[in-house]
Structure formats: C-alpha cells, structure tokens
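In full-length UniProt numbering, the protein residues as written are 1 to 203.
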C-alpha cells in the first residue's frame, strides 16, 4: 500500500528543487544539518521511508555536495553534476564555474540554522540582492513583506525569539525599502535607498 512521503523528506526534496531552479540557496552548515536530520529521521521511522529509497538517496547526495562546497557559485552545477553522474554512472569531475568573483559563502554561513523557513529564504535572498547577485522587484518585495508579517503573527514564538527576531527586523526593513523604491517619498542615493520627502514637494 502506498504511503505519503515522510514530511521531512518531502520538505527537503522541495527545497532542493528550488536550489536547482535558482530560487533559493543553502549554506554549507544548513545542508550539513539537513543531511543529519534526514538520516536521524529515517532511523527513527524506517517504515515511512520504505517506498522512498530513491528520493532519500538523491536528497542525501545533493545535501552532501552542498555541505562540501567552498564556493557557493558552484553549488547548483555541482548538485546537477552529481545527480547526472549517479544516473549515468559517469565519473567525470565536477565542472567549476568560478571566475574570480568574491564568494558569498562566509556571509551565508553566518546565518544561524533553525530560522523559520520563509524567513531563512529571504535572509539568503537579500544577501544575494545586496551583493548584486539577485534582482528583487518592488511588487515581489511588498508581497514578501505581507506574507512574512502574517507568518510572524501566526507563529510569534518562531519569529520573536532572540535568534530570529534580529533577522526578521532587518528583512522587513530591507523589503520595505525595496517595495517603496519606486514610490514617492523614497529616492535612490549612492548605493542605498533613502526614505524621505522629495525636496520639490516642500513648498
């Protein structure tokens, strides 16, 4: 009889698909923790994983690659190469795409594990945005701001604790700046966004 995929495996299968599509990223520490969590979860409930050996192995392989990366810009290609070699039995080395740009890995790795999933995703997306590796338009930022605020209201314990709260505050502030970047009262100056009343409106 078919059973539902274990929740933790389903979550990481989904998140890894987002990594492959470039919609999210994982730090090395997050990938390592996730891999350990999956191993422990399977050990705790082996019967739930009986029909999902292939998905479980694929997730472990991908997380292992991500956990060992020195340069985050190689993450996606490495995951795809590992999975392709596993399917085709190809032992060719993983291709490198490093072209000398500054790695964002140290900044990503400083983000603690255990943040609420949506907050974690936006912390990492904003790191990429600040470094010019990600584009976030005002509408997307406004929607994210609303969704995060709703999530924080629904799960205050997860968002208002001493670990998550500073990140939540910064993410909301930065999303607010991005979402109003094309509205009256906010203008670009240098490399940052500045709130204020346009000088020509003061009469």
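C-beta atoms are modelled at their ideal positions from N, C-alpha and C, and glycine is treated no differently.
Residue 124: member of the alpha helix (DSSP H) spanning 117–130, first to last residue. By the Cβ-count criterion, residue 155 is exposed, with fewer than 16 other Cβ atoms from all chains shown falling within 10 Å of its own Cβ. With contacts defined as CB atoms closer than 9 Å, residue 140 and residue 116 fail to qualify as a contacting pair. The DSSP-derived three-state label of residue 23 is coil. When DSSP states are grouped into helix, strand and coil, residue 137 belongs to the coil group.
DSSP places residue 113 in the coil class of the three-state scheme, outside both helix and strand. Per DSSP, the continuous alpha helix (DSSP H) segment holding residue 41 begins and ends at 28–44. The beta carbons of residue 109 and residue 18 sit no closer together than 9 Å.
Relative to residue 127, the option among 164, 166, 174 and 163 whose CA is nearest is 174.
With a threshold of 16 other beta carbon atoms within 10 Å, residue 166 falls short and is exposed. Pairing residue 147 with residue 134 gives a Cβ-Cβ distance that is not under 9 Å. Comparing alpha-carbon positions, the option among 38, 179 and 33 lying closest to residue 138 turns out to be 179.
Here the alpha carbons of residue 49 and residue 143 stand approximately 36 Å from one another. Burial check for residue 44: the Cβ neighbour count within 10 Å stays below 16, so the residue is exposed. Of the other Cβ atoms in all chains shown, fewer than 16 fall within 10 Å of the Cβ of residue 53; this residue is therefore exposed.
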